[in-house]
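Following our numbering, the numbering of the sequence shown begins with 68 at its first residue and continues without gaps. Ideal placement from N, C-alpha and C gives every residue a C-beta, glycine not left out.
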Amino acid sequence: MPDYFDCPNCGAEVPIKAKSCPDCGSDEKTGWSEDTMYDGLDLPTFDEPDMRTKTSVLQSKLMYYIVAILTIIAFVLFYIL
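Spelled out as structure tokens, the structure:
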């Protein structure tokens, strides 16, 4: 059995009997408990849809249509004038 474990907060090696991490200072309340184990990972929640991708797709389609319409107008004006 190893004498150390990895700190869930910073990844440093922490002695088994240590009260806190020697590098970042996290302890049972801030980084070793099961409740806070994944706090620093910035994982997406599955409850909330990611609206950024839907917005960016809509924005790119809108930009495509605007450019297409402006191109058609430019060709029409070029042939008229």
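When only Cα atoms are considered, residue 144 and residue 138 end up about 10 Å apart. With respect to residue 79, residue 69 sits apart: the two C-beta atoms are not nearer than 8 Å. By the neighbour-count definition (other C-beta atoms within 10 Å, threshold 16), residue 75 is a buried residue. Comparing C-alpha distances from residue 97 to each of 77, 82, 132 shows the shortest one belongs to 77. Linking residue 83 to residue 71 through their CA atoms gives a straight-line distance of about 5 Å. Short of 8 Å from the beta carbon of residue 91, and not among the five residues preceding or following it, lie these beta carbons of its own chain, in chain order: 74, 76, 77, 79, 98.
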